[in-house]
Amino acid sequence: MKISVEYYNHSPVFIAACEIVRKLKDAGFKAFFVGGAVRDMLLGKTPADIDIATSALPEQTATLFLRSHQVGASFGVTVVTIGKYNFEVATLREEREYADGRHPEILTYTDDHYLDANRRDFTINSMFYDPYSDEIFDFFDATKDLANGYLRCVGEPMVRFQEDYLRMLRAVRFAARFGLHIDPAIIRAIGNLKEKVLKLSAERIRNELNTMLTGPHPAAAVKLLDELHLLELILPEVSALRGVEQPPQFHPEGDVFTHTMLMLEHMKYPSIELAWSVLLHDVGKPRAYSTGADGSIHFYGHENFGAGMANNIMTRFRFSTAETENVVNAVKNHMRFAVVNKMRKSNLARLMAAPGFKIELELHRLDALCSNRLMNNFVFLLDKIAESGGEVSLPPPLLNGRDLIAIGFKPGPKIGKTLLTIQNLQLEGKISDRESALKIARNL
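Numbering (our numbering), first residue to last: 46 to 489.
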């Protein structure tokens, strides 16, 4: 395998990264592209970022580049800015004795890039590339693994995973993203160590799941988590969807887990909020499951159960308040889309003007596409959006609480109910001016 330098020579990021390597080499240091960037370039993909490894110590790197600052002093990482691009420049190092399943007890700087490669997680992430000599340094047959579609650890998987338990989740992510077969030794190691994933911080698990869910093959990642019995540990609510049967007239595709995986497969590089909305939209179904006297299957209120569960999950993984609210609302509202063509104008207007409506609309499209394929309500909403000029927003309210107090209302629940009634009439086109609103309010 070779890197097509001609292709990347047109990339401003590549050119800027080469400038860093050149300056380090001119100063007498070793310098290479390293890790995922080399892997992606060998696959003909554009790297998300280009990391650089060097024999220069952090303070030496900082001296060479005025626009630089250290971000991981204990790991020898310096951020260097070239133009509008930031690059992580790390001093070559070896690591030993991980006591806590993440941090090395012993870290030693080196000028030997073999020793640096030897500490890395997977062979496909262990390569170095010199863009000036066009030489790839591949100490562990990574190019062969890439060509054969094979995921293998650098060294023994049990050792690598005990150094950082997150590597078990990273194995899933890389296998799913690149369609790789997993080395049986990795599978055995995960089987032995899987419970250790619970020692990881919620934030680290969340970030890894976010990358899986917003990547090219989210369903493959979740299925692999399930097969390796990791899903039941980190997302038991999703694992519980397997085997929960659904009414075949509405869900000919199969059980709730199958339906959810189909929706994940049909996403196209979604936002984090949409991805989690899809993953969690039916988590309430196992709890809501019931059967009628005729054997028919029902999930009454599953969206309400699911909203509460989604709130717990998003809180558990320490998502922001805004992210949590958008996902919870999407789960809670997803069944409302089945009746949008029968809604009162006021309720429809509020639904379409809500901050998370775009997420909820796409969730509905995927839900319909991956079940009964009835798209009439989706088309109905597209027509309504077109009628409104592309953006739906609520008009300014005709009255507020102070207006009602001024005409004799006492503070209390009646004010809120009256304002809601006035807004409903306004949204339904029955009133449009302040005087009409005041007249109605006086009679309520």
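Don't be surprised by glycine CBs; every beta carbon is placed ideally from N, CA and C.
This structure is a prediction, so every number in the text was calculated from the model and none was measured.
Assign residue 282 to one of three DSSP states: helix, strand, or coil. Taking the first residue of the sequence shown as position 1, residue 282 is located at position 237. Reduced to three states, the DSSP call for residue 282 is helix.
Given that a residue counts as buried once 16 or more other Cβ atoms are within 10 Å of its Cβ, and exposed if not, what is residue 330? As a working mapping, residue 330 is identified with position 285 in the sequence shown. Its Cβ being crowded by 16 or more others within 10 Å, residue 330 is buried.
For residue 46, I'd like the list of residues in its chain whose CB is within less than 7 Å of its CB, leaving aside the five on either flank, ordered along the chain. By 1-based counting over the sequence shown, the position of residue 46 is 1. 87, 188, 191 and 192.
Given 8 Å as the limit, is there contact between the segment 130-137 and the segment 60-77, that is, 3 or more CB pairs closer than that? yes
Can you check which of these residues, 130, 171, 133 and 121, is closest to residue 153 by C-alpha distance? The sequence position of residue 153 within the sequence shown is 108, counting from 1. Here the closest residue by C-alpha is 121.
In chain order, which continuous runs of the beta strand (DSSP E) of length 3 or greater are located wholly inside the segment 155-232? 173-175 and 180-182
Considering only residues of the same chain and omitting the five flanking positions on each side of residue 243, which have a CB-CB separation below 7 Å? If you number the sequence shown from 1, residue 243 lands on position 198. Contacts found: 278.
May I have the straight-line CA-CA distance separating residue 401 from residue 322, to the nearest angstrom? In the sequence shown, residue 401 corresponds to position 356, counting from 1. In the sequence shown, residue 322 corresponds to position 277, counting from 1. So the two alpha carbons sit approximately 11 Å from each other.
Buried or exposed: where does residue 448 fall if 16 or more other Cβ atoms within 10 Å of its Cβ makes it buried? Reading the sequence shown from its first residue, position 403 is the one you call residue 448. By the neighbour-count rule (16 or more Cβ atoms within 10 Å), residue 448 is buried.
Could you tell me how far apart the beta carbons of residue 203 and residue 234 are, in whole angstroms, since I believe they sit closer than 8 Å? For this step, residue 203 is matched to residue 158 along the sequence shown. For this step, residue 234 is matched to residue 189 along the sequence shown. Correct: roughly 5 Å between the Cβ atoms.
If you draw a straight line from the alpha carbon of residue 108 to that of residue 274, how long is it in whole angstroms? The sequence position of residue 108 within the sequence shown is 63, counting from 1. The sequence position of residue 274 within the sequence shown is 229, counting from 1. Near 48 Å, if we compare the C-alpha coordinates of residue 274 and residue 108.
So, under 8 Å CB-CB, residue 319 and residue 238 are touching, yes? Tell me the CB distance rounded to an integer number of Å. Here residue 319 corresponds to residue number 274 of the sequence shown, with the count starting at 1. Here residue 238 corresponds to residue number 193 of the sequence shown, with the count starting at 1. About 32 Å; that fails the 8 Å criterion.
Short Cβ contact (9 Å threshold) for residue 221 with residue 266: The residue labelled residue 221 in the question sits at position 176 within the sequence shown. The residue labelled residue 266 in the question sits at position 221 within the sequence shown. Contact flag set, yes.
So which of 52, 173 and 248 has the shortest CA-CA distance to residue 100? Locating residue 100 in the sequence shown gives position 55, where the first residue counts as 1. Considering only alpha carbons, the answer is 173.
Using 9 Å as the threshold, is the C-beta distance between residue 382 and residue 411 below it? One-based indexing of the sequence shown puts residue 382 at position 337. One-based indexing of the sequence shown puts residue 411 at position 366. Contact flag unset, no.
Taking the Cβ atom as the reference point for each residue, do residue 199 and residue 167 lie within a distance shorter than 9 Å? Working through the sequence shown from its first residue, we reach residue 199 at position 154. Working through the sequence shown from its first residue, we reach residue 167 at position 122. Against a cut-off of 9 Å, the Cβ pair of residue 167 and residue 199 comes out as a contact.
Across which residues does DSSP place residue 98 in a beta bridge pair? One-based indexing of the sequence shown puts residue 98 at position 53. According to DSSP, which records beta bridges pairwise, residue 98 is partnered with 77 and 135.
Which residue or residues does DSSP assign as beta-bridge partners of residue 140? In the sequence shown, residue 140 corresponds to position 95, counting from 1. According to DSSP, which records beta bridges pairwise, residue 140 is partnered with 152.
If you follow the alpha helix (DSSP H) that residue 66 is part of, which residue opens it and which one closes it? Counted from its first residue, the sequence shown places residue 66 at position 21. Counting along the chain, the alpha helix (DSSP H) containing residue 66 begins and ends at 57-71.
Among 434, 84, 91 and 467, the one whose alpha carbon lies nearest that of residue 446: Counted from its first residue, the sequence shown places residue 446 at position 401. Checked all of 434, 84, 91 and 467; the closest Cα to residue 446 is 467.
Residue range of the beta strand (DSSP E) that includes residue 126: Against the sequence shown, residue 126 aligns to sequence position 81. It spans 122-127 - the beta strand (DSSP E) in which residue 126 sits, taken as one unbroken run.
Helix, strand or coil for residue 113 per DSSP? By 1-based counting over the sequence shown, the position of residue 113 is 68. Residue 113 falls in the strand class under three-state DSSP.
For residue 428 and residue 435, I'd like the C-alpha separation in whole angstroms. Stepping through the sequence shown from its first residue, residue 428 is reached at position 383. Stepping through the sequence shown from its first residue, residue 435 is reached at position 390. Cα to Cα, the separation comes out at about 10 Å.
For residue 286, collect the residues of the same chain with a Cβ closer than 8 Å to its Cβ; drop the 5 residues on either side in sequence, then sort them by chain order. For the purposes of this step, residue 286 is taken as residue 241 along the sequence shown, with counting starting at 1. Correct list, in chain order: 300, 301, 302, 305, 327, 328, 330 and 331.
What separation, rounded to the nearest whole angstrom, lies between the Cα atoms of residue 471 and residue 367? The residue labelled residue 471 in the question sits at position 426 within the sequence shown. The residue labelled residue 367 in the question sits at position 322 within the sequence shown. Cα to Cα, the separation comes out at about 29 Å.
Taking the C-alpha atoms as reference points, what is the distance between residue 53 and residue 59? Along the sequence shown, one-based indexing puts residue 53 at 8. Along the sequence shown, one-based indexing puts residue 59 at 14. C-alpha separation (whole angstroms): 6 Å.
Note down, in chain order, each residue of its chain lying with its Cβ closer than 8 Å to the Cβ of residue 395, except the 5 sequence neighbours on either side. In the sequence shown, the residue the question calls residue 395 occupies position 350. Excluding positions up to five away in sequence, the list reads 439 and 472.
Cross-strand partners of residue 130 (DSSP beta bridge): For this step, residue 130 is matched to residue 85 along the sequence shown. Residue 130 is bridged to 127.
Taking just the CA atoms, how far does residue 398 sit from residue 272? Residue numbering aside, residue 272 sits at position 227 when the sequence shown is read from its first letter. Residue numbering aside, residue 398 sits at position 353 when the sequence shown is read from its first letter. Rounded to the nearest angstrom, the two C-alpha atoms are 41 Å apart.
Please go through the same chain and pick out, in chain order, the residues whose beta-carbon is closer than 6 Å to the beta-carbon of residue 359, but skip the five residues on each side of it. To locate residue 359, count along the sequence shown from 1; it is residue 314. Once the five neighbours on either side are set aside, the close Cβ partners of residue 359 are 369 and 372.
In angstroms with no decimal places, state the Cα-to-Cα distance between residue 308 and residue 379. For the purposes of this step, residue 308 is taken as the residue at position 263 of the sequence shown. For the purposes of this step, residue 379 is taken as the residue at position 334 of the sequence shown. The alpha-carbon atoms of residue 308 and residue 379 are separated by roughly 14 Å.
Using C-beta distances below 6 Å, list every residue in its chain close to residue 70, excluding the 5 sequence neighbours before and after it, in chain order. As a working note, residue 70 is residue 25 in the sequence shown. So the qualifying residues of the chain are 76.
Would you identify the three-state DSSP class for residue 296, choosing helix, strand or coil? If you number the sequence shown from 1, residue 296 lands on position 251. Residue 296 falls in the coil class under three-state DSSP.
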